[in-house]
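Below you'll find the structure, written out as C-alpha cells, and then a few comments.
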Amino acid sequence: MKHLLDTGNGADVQFLVGEGNKKELLPAHKLILMAASDVFEAMFRFDAQNDAKAAVGGKANSEEIKPVEVPDVEVGAFKTMLAFIYANDLRGLNGDNAMAVLYAANKYIVPGLAKMCVNLPNPELRNVSSRLTVFASLENIQTHIVTSKTALFFGEGDKKELLSAHKLILLAASDVFETMFRFDATTAGNAEQVKPVEVPDVEVDAFKTMLASFMRTM
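Here the sequence shown is numbered in full-length UniProt numbering, starting from 1 and rising by one per residue.
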C-alpha cells in the first residue's frame, strides 16, 4: 500500500497540513485511513456510504475534493503518520520530530504509532523525555489518577492522594490503559475539568512505583 501513498493513485481525500507558507497538500485514501483510526472512521463513514450509494445508482461524484485542513499538525509528522498507517514504515520517526508525531498519533488515535514514539531507543528517547513538559498542559494527554488503600480492607478511606500522569505514556506502557484512554482523544479540547480516575484497590506507593517504572522506560 506504500505505493498508493507515494503516487496518490486513487486518492479520494486531501489534507492541507501545516500553517502559513509551510502548508502542504497531501493525498490519501479514506478506506485505508478508516481501517487504521477510529477518528478517521468517524470523519469519513458517511462519505463512504454516500459514495457506495452513488456507485449503485450509477452516479459518479464529480465534485472537486475539498481538502481537510489540519493546521495544528506539522507536515513531516503527518507524513510519518501516513507512512505508518499505510506500510508500518517508521523511517520518518526520530528524536527531533517524535513529539510532533506523538501529537498526531493522539489526535487521530493511532496507538501503535504513539507507542513507538514513547519507546524510541536512547539517546533519542531522552530527547523526547526532555520535551514532554511542552505538552503537560494539554488536556487531551493529561489525566489525574486518584489512588488509595481500600476503605473496606484497611479502614482508612480518607487516605487518598492525587497523582498526575500523561495518558499517552500510560497507553503506550499498558494494554489496560490503552483500553481506558484510546477513545479520549475524540473529546480533545473539552474545556471541562478533568475528572479523576479512581483506583481504590491499589496502594498509593505501589501506584507511584508503577508510574516511575513507566517513566524509566522512556
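Cβ atoms here follow ideal geometry from the backbone N, Cα and C, with glycine treated the same way.
Would you call the CB atoms of Leu33 and Phe40 closer than 7 Å?
yes
Rounded C-alpha distance that separates Lys66 from Leu16:
9 Å
Apart from the five residues just before and just after Pro27, which ones in its own chain have a Cβ nearer than 7 Å to its Cβ?
Gly8, Ala11, Gln14
How would you call Gly112, buried or exposed, if buried means at least 16 neighbouring beta carbons within 10 angstroms?
exposed
For Lys22, count neighbouring C-beta atoms within 10 Å of its own C-beta (all shown protein chains included) and say buried if the count is 16 or more, exposed if not.
exposed
Taking only the alpha-carbon atoms, compute the straight-line gap between Ala114 and Ala87 and give it to the nearest angstrom.
16 Å
So what does DSSP say about Lys160, is it helix, strand or coil?
Strand.
Which same chain residues, not among the five before or five after Met1, have their C-beta less than 8 Å away from its C-beta?
Ile32, Tyr86, Ala87
Please name the residue, chosen from Val68, Lys195, Glu69, Ala98, that lies closest to Ala77 on a Cα-to-Cα basis.
Ala98
Reduced DSSP secondary structure (H/G/I, E/B, other) of Ala11
DSSP places Ala11 in coil when its eight states are reduced to three.
Closest Cα partner of Asp96 within the set Tyr108, Thr80, Lys107, Leu162
Thr80
At what residues does the beta strand (DSSP E) containing Val70 begin and finish?
68-70
Helix, strand or coil, according to DSSP, for Leu26 in the structure here?
It is a strand residue.
For a test of the three-state rule: what should DSSP assign to Glu203, helix, strand or coil?
coil
Three-way DSSP call (helix, strand, coil) for Leu16 in this model:
strand
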